[in-house]
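**Q** Here it is, the structure, as C-alpha cells.
There are 6 protein chains.
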Amino acid sequence: MKKVITFGEIMLRLSTGTGMLLRQANQLSVHYGGAEANVAVSLSHFGYQSYFVSKIPENSLGRAVEQHLKSHGVRTDFLLKGGERLGSYYVEEGAGERSSQVTYDRKYSSFSQLEADEIDIEGILQEVSLIHITGITLALSPALQELVLQIFKKAKEMGVLVSFDFNYRSKLWSQQEAAEAIKLLMPYVDICFCGELDAVHLLGIEPVEESLSQEERLTFYYLEILKSYPNIQYMGSTFRTVQSASSNKLQGNLFTSGKLYQSKVHHLEPIVERIGGGDSYAAGILWGILEGFPAQQIISFATAASALKHTIQGDCSSFTNEEVMQFAKNESGMINR
Amino acid sequence: MKKVITFGEIMLRLSTGTGMLLRQANQLSVHYGGAEANVAVSLSHFGYQSYFVSKIPENSLGRAVEQHLKSHGVRTDFLLKGGERLGSYYVEEGAGERSSQVTYDRKYSSFSQLEADEIDIEGILQEVSLIHITGITLALSPALQELVLQIFKKAKEMGVLVSFDFNYRSKLWSQQEAAEAIKLLMPYVDICFCGELDAVHLLGIEPVEESLSQEERLTFYYLEILKSYPNIQYMGSTFRTVQSASSNKLQGNLFTSGKLYQSKVHHLEPIVERIGGGDSYAAGILWGILEGFPAQQIISFATAASALKHTIQGDCSSFTNEEVMQFAKNESGMINR
Amino acid sequence: MKKVITFGEIMLRLSTGTGMLLRQANQLSVHYGGAEANVAVSLSHFGYQSYFVSKIPENSLGRAVEQHLKSHGVRTDFLLKGGERLGSYYVEEGAGERSSQVTYDRKYSSFSQLEADEIDIEGILQEVSLIHITGITLALSPALQELVLQIFKKAKEMGVLVSFDFNYRSKLWSQQEAAEAIKLLMPYVDICFCGELDAVHLLGIEPVEESLSQEERLTFYYLEILKSYPNIQYMGSTFRTVQSASSNKLQGNLFTSGKLYQSKVHHLEPIVERIGGGDSYAAGILWGILEGFPAQQIISFATAASALKHTIQGDCSSFTNEEVMQFAKNESGMINR
Amino acid sequence: MKKVITFGEIMLRLSTGTGMLLRQANQLSVHYGGAEANVAVSLSHFGYQSYFVSKIPENSLGRAVEQHLKSHGVRTDFLLKGGERLGSYYVEEGAGERSSQVTYDRKYSSFSQLEADEIDIEGILQEVSLIHITGITLALSPALQELVLQIFKKAKEMGVLVSFDFNYRSKLWSQQEAAEAIKLLMPYVDICFCGELDAVHLLGIEPVEESLSQEERLTFYYLEILKSYPNIQYMGSTFRTVQSASSNKLQGNLFTSGKLYQSKVHHLEPIVERIGGGDSYAAGILWGILEGFPAQQIISFATAASALKHTIQGDCSSFTNEEVMQFAKNESGMINR
Amino acid sequence: MKKVITFGEIMLRLSTGTGMLLRQANQLSVHYGGAEANVAVSLSHFGYQSYFVSKIPENSLGRAVEQHLKSHGVRTDFLLKGGERLGSYYVEEGAGERSSQVTYDRKYSSFSQLEADEIDIEGILQEVSLIHITGITLALSPALQELVLQIFKKAKEMGVLVSFDFNYRSKLWSQQEAAEAIKLLMPYVDICFCGELDAVHLLGIEPVEESLSQEERLTFYYLEILKSYPNIQYMGSTFRTVQSASSNKLQGNLFTSGKLYQSKVHHLEPIVERIGGGDSYAAGILWGILEGFPAQQIISFATAASALKHTIQGDCSSFTNEEVMQFAKNESGMINR
Amino acid sequence: MKKVITFGEIMLRLSTGTGMLLRQANQLSVHYGGAEANVAVSLSHFGYQSYFVSKIPENSLGRAVEQHLKSHGVRTDFLLKGGERLGSYYVEEGAGERSSQVTYDRKYSSFSQLEADEIDIEGILQEVSLIHITGITLALSPALQELVLQIFKKAKEMGVLVSFDFNYRSKLWSQQEAAEAIKLLMPYVDICFCGELDAVHLLGIEPVEESLSQEERLTFYYLEILKSYPNIQYMGSTFRTVQSASSNKLQGNLFTSGKLYQSKVHHLEPIVERIGGGDSYAAGILWGILEGFPAQQIISFATAASALKHTIQGDCSSFTNEEVMQFAKNESGMINR
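Residue numbers (the working numbering), protein chains in the order written: chain A, 27 to 363; chain B, 27 to 363; chain C, 27 to 363; chain D, 27 to 363; chain E, 27 to 363; chain F, 27 to 363.
Below, the structure is given as C-alpha cells:
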C-alpha cells in the first residue's frame, strides 16, 4: 500500500440549499473540505495509505474534522491540534445563470497561523511516495510559503514525488503575490496542475494568439513552462465550459513527454456539487501516475473521477478506483437493476 | 429616499416539494406573497421606502404576514387588520411536461371584503412618487374596482405616477368582466404592463396577422393602445417561451416614446421558482423609470431582476439593485471564490 | 366497475436523496412498490376495482404495505399474510452520467417462498376482466413459474384477459432461465409487453439487420412473435432514449391487428422518478384496451400516463384517467392559475 | 363485519413543529382530521366496515382527503363532492406552560354549507349497527342541526344505535346555542359522551357541591341526565389533569346500568399529539359496546386506546384492537426486542 | 411610541438538533442573536421603537442579520457596516444530565474591533428613553469598555435611563477584569441586573452566611450594592433551579425602593430553548419600568415573558406584551380551540 | 495503545421518528450498530486500538458499514466481505407508556452464515489485551457457538482477557438454548455481564426470596455464580427502572473480589436513544479494568458513560474518556458558555 501525503487547510463548509440565499436560510448543511484534504480522501479510496497534514483547533469542530477524515480512511497521525479557530466558509449555491457565492471566514484559522517549526518535515516524509500541495496553502501566510518551500526541497532530497496545483483564488491574494511565491517552488515540482490563465497571469508567459485552438494554445503554454522548468514531468488541467451553474462540460488534459493527452468530453448536467471537482481530478491523475498507467488511461480515469464527483454531495469523493473505472466504461444514466 | 405604494392582496402560499402532489404531501412549505406585495418588497430592496396597503386578519397568520413584510423593509403603517380570513393558495409544483397546479382558497378573505371607506385615499398618497396596482385586485370585488378607480383619480390629481399591471387570472374572472373594469382605469395610467393577449382579449384590439414577427406584433398593439390611451408613457411585457416547467426563455420589452426596447434573452434553467417572476420584472421597470434611466438600461435591469428572481425560492425577491446590476454584467454560473 | 387482478411481489424501497450514496446517507425515503402492485394502483385510479394478490409478512412492514395499497383504493382481500420477511431494495439515485444503483435484498421474502396451494386460483379469478403478471414473478422461484402457468390456463378457461410483461431483470435470473419459463406461458397470453431485446434474447428470434429503422425492426419482431403465438392480440413496448439519469425521451408503441401505432415523443426532463415508469405505461395500455378505445388513442394515453408518472415521487402513479387525458392535450410546463 | 357510520366535517390541519409559532414557521406538517372522521378511522382499524359521510370540495385537497380515509380502510361511498372549500385549521403546538393555539379557517367549507336534501338518510343507514355524530357538526349551521335531528330520528326507527359526543367548542358557538340544539337530540341518543361541564352549562343541571369527590360529582350528574333522558344506555367521559402541554393524566369513565366504571389512570408524558385523543376514546367505547363486552373491560380498552393515541402523530389512530389490548396489559416503556 | 436603544454584538448561532453533537451533525440550524439585540427585539414587540446599535460585516451574513432585525421591527439606522467578520458560535444542545456546550468563534469580529470614534454618541441618544448594555460588550475589548463609559456618561447628561446587565461569561474574561470594568460604570446605572454571584465575585461584597434563605441573601447583597451605588433605582435577577437541561424552575426578583418583589415560580419543562431567556426577562423588566407599572406587576410580567421565551425556538422572543399578559393569567398547557 | 477486539454482527438500523409507526413513516433514519461493534466504537474513543471482527456483504451497504466503523477509528482489518445480505432491523421508537418496537430482519445475513474456518483465530488474537463477545452472537447459529468457544479457549491460552455479555434476546432463541450455549463458555470468561434474570433463567440458580433488597439479591446471585465459575474476576450489570419510554433511572453494579460496588443513580430524562446504552456501559467497565482503576471508579465511569450515551442519537457513543469523566463530575444540565 503506497503512502501519500497532502498538506493544507481543511475548513467547515456551510451551504444553503437549492435556491436559497443566506438571508433566507434557517438550516445550513455541513461539510468539511479543502483542496489538499479532498485529494487525500480520494487517494485513500483509491487504495493508498494517505495522510493529511494540517492544524485544527482543539474543540468540537476539530473533533468533527478528525472524524470526517477517518471515515474516509485518511490517517490523522500528523494532524496538529491547537490555535484559535477552524476556518469556515459559506456557500450560496448558484442556480441557472446565478453564480455560486462563496463567503470566506477563514482568517486567523489554526492552520493559517501555523509556524514552520511545528512541522517535522523529515518525519512526515518518511517512506512517502508522493506529496501534494496547492496554491491555497501558499496564499495563507508567508510562513506557509517558506514552509512549503522547505518541504518541497526535502522531498526532492528524499526522492518523494512532488505535486503542486496552482489553485489560484483571487479572494485570497493578488496575481503578483501568487506569481512570486509559486515561482520559487516550481524548480522542485514533478507534477504540476495549471492552465492557460495560470501560465499567462502567474508565470508571465506571453499570451499566444487567440486564433489557435484551445488544444494548441495549451500545448504552447506547457512547452513554454517546460523551458523554464524542465524538471516537470506531468502537467494537467481541465477545459470547463460553463453553460449554467448546473450544466458544464468538462474535458481533461494531461501533458507528458512532449505530448498532450485528452479525455472525452463529459456532460455534467445536473451538477450536484461543483466544489471539489478539481481535487478529484488531481487525485485521479496522481493515482494514475503512481500506478504507472499510460497517459491516455490516466487522463480518462482522472476526468471520469472528476465527472463522477460532480454527481454527489460534499467536497470530497468516496468512489473507489473500481467504481470510477466501471463508470468510465458504462453507458450512462441507466438503472442498474 | 423615494416613497412608493402598492395596494392589493397578500396570501399564504402552501407548496408541495419537487415531484409531490397534495395527495402525497405531509409537509408544505410556507410563503407569503401577492403581486402587489411582491413589487413592494423588490422596491424596498432597491432602496425605496415602500408601503404595502392591504387588509389582513387579526390572528396568527396576520402576524406572520406582518413579520414577512417587515423583514423586507416594507412599511406596514397602512396595513388594516380585521375581517375573517387570510386568503391562501396551494401550489403543486410542476416538473418537466407537467404544469404547476394552483388551487386557490382565497374567497371571503379580509382583503376581498374590504370596503371603500376603510381606506383614507389622500392619507396613503401623501408624498408618494408612485402607486402600483394589478388586475388581480380588481377581480376580487366590485367595491375594489370602484376603490381603485378613486385611488387612481386622486393619484393623478396629486401628481403621483400611476402604474397598472393587467395580470389577468382566468380562475378569478371572465375576460369580459376584466375588460369592463380595466377600461375604466386606463385613462389614468402612466405605466402599463400588458401583452399581446391582453390587447386582443381585454382591450378588444383586432388581432394583427400572424406572419409578423413577435416584436412587430407587440409594437402594433402598443401603438393601437396609445391611440385610445395617449396618457400612457410606458408599456411593458415579457416574451416567455416555456420549454418545460423548469426551463423557460425570457425576454423583456419596454415601449416608450414610440419605440420598443428589448433585453437580451435569458435562459431560465432550472427555474427554482416561477411565481413572482413577473412582479420582479415590474418592480425593475418601475425602479428604472423612477431613477430616470434610459429605456434600454431599464429593460435590461428589469429582465435581469426577473431572471434572478427565478433562481431563488419564495414569491418575492430580496436582491438589491447592486446585486441585480452585478448579475446583469457577470458571466453566469461560475463560482465566486 | 370492472374488476382486475395483478399478482406479484411488493417490496419496501429505501432511497437516498439526490446526489447521495448509501455510504453518505443518514436518512432514507420510504416507498412500497413492485411491478404488478404498481399496475394495480394505476388501474384503481383509472376507476377499476383492482385486486393485488400477493403474500406479505405479518409484522409492522406488512401492515404498512396494506395501508399503502388501500390508500390507492387497491383491494387487499387476497393478500396473504405470513412467511419470514418483506423483500426490500435500496436505490442510490443516479445523477447526470451516473446511473441509479439498485441493491436488492429480496431473497427469502414471504412472496418468493409462496407455495402453489396457498392460492385459490378459481377464487381470485371470479368475475375478473383481466389478470396482469410480469416476468419478475417468474424469476423468483420454480414454484411461482408453475403457479403462474396454472393461473394463466385457468384464466383462459374462464374467459379472463391475460396480460404479461416480460420485465427481464438480469440481477434475478439468466436469459436462458427466463426464456424457458416465458415460452411456456406465451400460448395463453392476450396482451404482451416485450421489446426488441426480449424478442432476440428471450424468444430466440434471429436479429434483423441494423440498417432498418427502429419502427421497422420492432414491426418485424412483433410479426415474428405472432407466427409462434398467434393468440396474442396486443403487443406493447417503449422506445426510451437515455440522455442522462434525469433526461430521457420516451415514445410508446402498440402493435395490434398487424399494425404498429406510436405515440408522440415525450421529453422527460427532469425525471423526478424513473422507477415505475413502465408499470404506468402498462396500466395505460390495459385501461385503453378494456375501455375499447382505438389503438392510436390507447398508445397516446398510455405514454402520457407514463410520462406523467416520471414527474412525481414514488413507484406508483395516483393520477386519474381524467388527469392523464387533460395532461395529454394541454400545453406543458405552464402554471394553471 | 359490522357496519358503522359517522357524519361530520373533515379538515386539513396545518401544524408548526415543536417550539414554533406560525410567525416563525416555514414548513407546516399536514394532517387530515375531524372528530367524526377520526372515530371512523379507529373503528375501521378495530375491524368494522366504517363509512364516513361528509362533503368535500372537488379539488386537489378533496382528493387528498379521500386518499387519507381510504388508507385507513374507511369507506367513502357516501362522501359527497362539491362546494367551495375544505375547512382548514392551524395549530401552534404548545410546550410546557404555553397552551396549543388553534386558528380555525373553516367558514364557508363545503360541509358547513351542506343542505339537508343532499343526504339520502335512509340510504346511508341501511344495515348499519351504529351512527356517531358530535356537537361540532351541529355548531356549523342550523341546516346541519335539522339534518342531524332527522338522521337520529330515522336511525331510531331503523334500529340503529345512536351515539352522540357533546364536543363543545367555544370558538364555534355559544353555550346557549349549543344547549338548544343538543336538547332536541337527546331523546334519540343511546350512547352519550359528556362530562361535568357539559351537564352544568349545556344541560342546565344545578351544580353539585364541590366537596364531593370527582367520581361522586360525575355520578350525580349522570343520574340527573338520566332523569330527563332515560333512553340513554351509556354515558362516557374522561378526567384529564393537565400538568403541562406535554404531560397529562387521563382516566376514563363509563356509566351504565346505574353504575360508574373507571379505568386506571394513564400518565401521558410526553404527549406526542393531543388532538384526536377524545375521538380514540369514543371509538374504544363504541367498539366495546358493539362487541358486547362488560363495562369494566370497555372502559379499560377505551382509555388505553386513547392513551396510545397520544403517543403518535396525527389526528387519528391506526392501532388495531389487538394492539390496544396488548398495550393495555404490557409493562410500559420497554424495548420489545 | 417610546424610543429605546441597545448596544452590543449580534452573532450567527449554529445549533445541532436534539441529541446531536457537532461531530454527528450534517445540518445546523441558523439563528441570529446576542444579549442586547435580543432585548431590542422584545422591546420592539412590546410596542417601542427600538434601535440596535452595532457593527456587522458587509457581506451575505451581514445582510442576513439586518433582515433578522427588521423582521422583528428593530430599527437598523445605527447599524454600522464593515470589519472582517461576523462573530459566530456553535451550540450542541444538552439533554437530560448533559449540559449544552457552546463553542465560541467570535474573535476578530467586526463589532469586537469597533473603535470609539465610529459611534456618534449624541446622535444615537437623541430622544431616547432608555439605553441597555450588558457585560458581554465590555468583555470584548478595552476600547469598548471606554466607549460604553462615554455612552453612559452622556446618557446621564441627556436624561436617558441607563440599564446594565452584568451577564458575566467566564469564557470571555476573568472575574478580575470584569470587576474593574464594571465598577467604573456602576455610578451611572439606573437599572442593574445582577445576582448573588455577581455581588460576591465582581463587586467584592463579603459573602453572607449560607443559613439565610435565598431571598434574605439576595436582599442583603442588594442593600450592600446600594451603599456603594445609591444611584441604582432597580435591581433584578432570577433564581433558576436546574433539574436537567430541559427542566428548570424559574423565579424572578426585582428590588426597588428597599424591597424585594418576587414572581411565582415557573416550571419550565420541557425547555425548548434556554438561550435568550435572560434577555426576555430583562426586556420585561425594562418595559414594566418604562410603562410605570407597580413593582409586583413588573416582576410577574418579566418572569412570564422569560418563561414564555423558553417555549419557542431561537434566541429572541416575538411575543407581544398582550400575549405575555394573556399567558401570565391563563391556565397552562390546554388547547385553545 | 492497547489492542482490543470484539466479534459479532453489525446491522443496519432503520428508525421512525418520534411518534411515528412504520405504517406512518415516509422517512427512516439510518444507523449502523450491534452490541459488539458498539463496544469497539467506545473503546476506540477511549483511546484503544480496537478491531471489529465480523462479516458483511460486498455491496453498497457493506461499504457504508465500513465507513461507519472507520469514522470512529475502529480498525476493519479483520472485517470479512461476502455472503448474501446485511442484517437489518426496524425500530418504531416508543413514547410515554408505549414501548419501542423492534422488527428484526436479520436472518440469512452474511455474519449469521459465517463458517468457523473463515476466521484465523490466532491471527485476530495477536497482541490483543481483551476480547469481548455477547450472547447475541451465540444465538445466530450453532457454528457461531462453536466458533466462539474456540476463540475463548485460544484466548485463554494466549493470555487474552475474555469478556462476555449475556445480552439475552428472546426474539432470537429460547432460554433453554441460551443456557446450554452459555454454560459451555463460562469456564473461560474473566469478565461477565449478567443480571438477576440471567442468573435465574439461564444459569439455573434457585431464585432468592423477594424480601431481600435488590443489592442483596444481586450479591447472592453473583456469589452463587462464582461457586460454579470461580474463574470470573468481574461481574457487571445495571439496575434500570423504567418510568416511561423516555424516562429511566440507571444504576451500575460491579462485583469483584467478593464485593458489590455501585454507582450513583442517574436520571435519564429525556432519553434520546435507549439502544446501545448497555454497550457503552460494558465498554466503560472494560476500559476501567484495562486501565487498572479501583472498582468504585470503574463503576462510576461506566455508568456515566452509559448515561451520557442515552443523551445522543445513534447506537454508539463517540464520547472520549475525558468527556465521560468531565460529565461524571460536573453539575448537570447547565449551559457551558
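Think of the CB as a built atom: it goes at the ideal place given N, C-alpha and C, for glycine as much as any other residue. Note that the structure is a prediction, hence the values are computed from the model and not measured.
1. Just how far apart, CA to CA, sit Ile258 of chain C and Phe353 of chain A?
2. Is Gln171 of chain B near Ala204 of chain B, with beta carbons less than 8 Å apart?
3. In chain order, what residues of the same chain have a beta carbon less than 6 Å from the beta carbon of Met261 of chain C, not counting five sequence neighbours either side?
4. In whole angstroms, what is the alpha-carbon distance linking Gln53 of chain D and Lys180 of chain D?
5. Which same chain residues, not among the five before or five after Leu87 of chain B, have their C-beta less than 7 Å away from its C-beta?
6. Ignore the nearest five residues each way along the sequence and tell me which others in Leu175 of chain D's own chain have a CB closer than 7 Å to its CB.
7. Leaving aside the five residues before and after Leu227 of chain A along the sequence, list all residues of the same chain whose C-beta is less than 7 Å from its C-beta, in chain order.
8. Please return the same chain residues whose Cβ sits closer than 7 Å to the Cβ of Ser270 of chain F, not counting the five positions on each side in sequence.
9. Excluding the five sequence neighbours on either side, which residues of its own chain have a C-beta within less than 7 Å of the C-beta of Lys197 of chain F, listed in chain order?
10. Got a sec: is the Cβ-Cβ distance from Ser97 of chain D to anything in chain C below 8 Å?
11. Please list, in chain order, the chain D residues whose beta carbon lies closer than 8 Å to that of Val128 of chain F.
12. Which chain D residues are close to Asn356 of chain E, counting only those with a beta carbon under 8 Å from its beta carbon?
13. Please check if any C-beta of chain F sits within less than 8 Å of the C-beta of Asn64 of chain C.
14. Which full runs of the alpha helix (DSSP H) of 4+ residues lie inside the segment 299-333 of chain B, going along the chain?
15. If Gly108 of chain B sits next to Lys133 of chain B, beta carbons under 8 Å apart, how far is it from one beta carbon to the other, in whole angstroms?
16. Indicate whether Leu244 of chain E and Leu286 of chain E have their beta-carbon atoms separated by less than 8 Å.
17. Taking 8 Å as the cut-off, decide whether the C-beta atoms of Val298 of chain D and Ile338 of chain D are in contact.
18. Three Cβ pairs or more, each shorter than 8 Å: is that satisfied between the segment 185-193 of chain A and the segment 145-156 of chain A?
19. Can you name the residues of chain F whose CB is closer than 7 Å to the CB of Ala333 of chain D?
20. Start and end of the alpha helix (DSSP H) containing Ile208 of chain A?
21. Just how far apart, CA to CA, sit Ala274 of chain B and Gly314 of chain A?
22. With burial defined as no fewer than 16 other Cβ atoms inside 10 Å of the residue's Cβ, what is the status of Gln152 of chain A: buried or exposed?
23. Taking just the CA atoms, how far does Glu119 of chain A sit from Ala308 of chain B?
24. Rounding to the nearest angstrom, what Cα-Cα distance links Gln323 of chain C and Asp305 of chain C in this structure?
25. Could you run through the segment 85-113 of chain A and flag, in chain order, every residue whose CB is less than 7 Å away from some CB of chain F?
26. Starting from Asn347 of chain F, follow the alpha helix (DSSP H) in both directions and report where the run begins and ends.
**A** So, to answer that:
1. Walking along the third sequence from the start, residue 258 of chain C turns up at place 232. Walking along the first sequence from the start, residue 353 of chain A turns up at place 327. Their Cα atoms are separated by approximately 40 Å.
2. For the purposes of this step, residue 171 of chain B is taken as the residue at position 145 of the second sequence. For the purposes of this step, residue 204 of chain B is taken as the residue at position 178 of the second sequence. Not in contact: Gln171 of chain B and Ala204 of chain B (Cβ atoms no closer than 8 Å).
3. As a position in the third sequence, residue 261 of chain C is number 235, starting the count at 1. Result list for Met261 of chain C: Cys218, Tyr248 and Phe281, in chain order.
4. As a position in the fourth sequence, residue 53 of chain D is number 27, starting the count at 1. As a position in the fourth sequence, residue 180 of chain D is number 154, starting the count at 1. Approximately 45 Å, taken between the alpha carbons.
5. Walking along the second sequence from the start, residue 87 of chain B turns up at place 61. Excluding sequence positions up to five before and after Leu87 of chain B, its CB lies within less than 7 Å of the CB of Leu38 and Leu112, all in the same chain and listed in chain order.
6. Translated into positions along the fourth sequence, residue 175 of chain D becomes position 149. Result list for Leu175 of chain D: Leu210 and Leu211, in chain order.
7. Locating residue 227 of chain A in the first sequence gives position 201, where the first residue counts as 1. Note that residue 227 of chain A corresponds to His in the displayed sequence, not to Leu. Contacts found: Gln201.
8. In the sixth sequence, counting from the first residue as 1, residue 270 of chain F sits at position 244. Gly122 and Glu123.
9. On the sixth sequence, position 171 is the one that residue 197 of chain F refers to. The residues are Tyr130.
10. Stepping through the fourth sequence from its first residue, residue 97 of chain D is reached at position 71. Judged by the 8 Å Cβ criterion, Ser97 of chain D is in contact with chain C.
11. Locating residue 128 of chain F in the sixth sequence gives position 102, where the first residue counts as 1. The contacting residues are Ile361, Asn362 and Arg363.
12. Stepping through the fifth sequence from its first residue, residue 356 of chain E is reached at position 330. Residues of chain D passing the Cβ test: Ser125.
13. Locating residue 64 of chain C in the third sequence gives position 38, where the first residue counts as 1. Not an interface residue.
14. 303-317
15. In the second sequence, residue 108 of chain B corresponds to position 82, counting from 1. In the second sequence, residue 133 of chain B corresponds to position 107, counting from 1. No, Gly108 of chain B and Lys133 of chain B are not in contact; Cβ-Cβ is about 17 Å, not under 8 Å.
16. Here residue 244 of chain E refers to the residue found at position 218 when the fifth sequence is read from its first residue. Here residue 286 of chain E refers to the residue found at position 260 when the fifth sequence is read from its first residue. Yes, Cβ-Cβ distance for Leu244 of chain E and Leu286 of chain E is below 8 Å.
17. Along the fourth sequence, one-based indexing puts residue 298 of chain D at 272. Along the fourth sequence, one-based indexing puts residue 338 of chain D at 312. For Val298 of chain D and Ile338 of chain D, yes; Cβs fall inside 8 Å.
18. yes
19. For the purposes of this step, residue 333 of chain D is identified with residue 307 of the fourth sequence, where counting begins at 1. Those within 7 Å of Ala333 of chain D in chain F are Glu123.
20. In the first sequence, residue 208 of chain A corresponds to position 182, counting from 1. Taken as a continuous stretch (DSSP letters only), the alpha helix (DSSP H) holding Ile208 of chain A covers Gln201 to Leu211.
21. Here residue 274 of chain B refers to the residue found at position 248 when the second sequence is read from its first residue. Here residue 314 of chain A refers to the residue found at position 288 when the first sequence is read from its first residue. In the sequence on display, residue 274 of chain B carries Asn and not Ala. Near 42 Å, if we compare the C-alpha coordinates of Gly314 of chain A and Asn274 of chain B.
22. Working through the first sequence from its first residue, we reach residue 152 of chain A at position 126. Flag for Gln152 of chain A reads exposed.
23. Stepping through the second sequence from its first residue, residue 308 of chain B is reached at position 282. Stepping through the first sequence from its first residue, residue 119 of chain A is reached at position 93. Whole-angstrom Cα-Cα distance: 26 Å.
24. The residue you call residue 323 of chain C lines up with position 297 of the third sequence. The residue you call residue 305 of chain C lines up with position 279 of the third sequence. In this structure, the CA atom of Gln323 of chain C is about 18 Å from the CA atom of Asp305 of chain C.
25. Gln93, Lys96, Ser97 and Gly99
26. On the sixth sequence, position 321 is the one that residue 347 of chain F refers to. That run of the alpha helix (DSSP H) goes Asn347 to Lys355.
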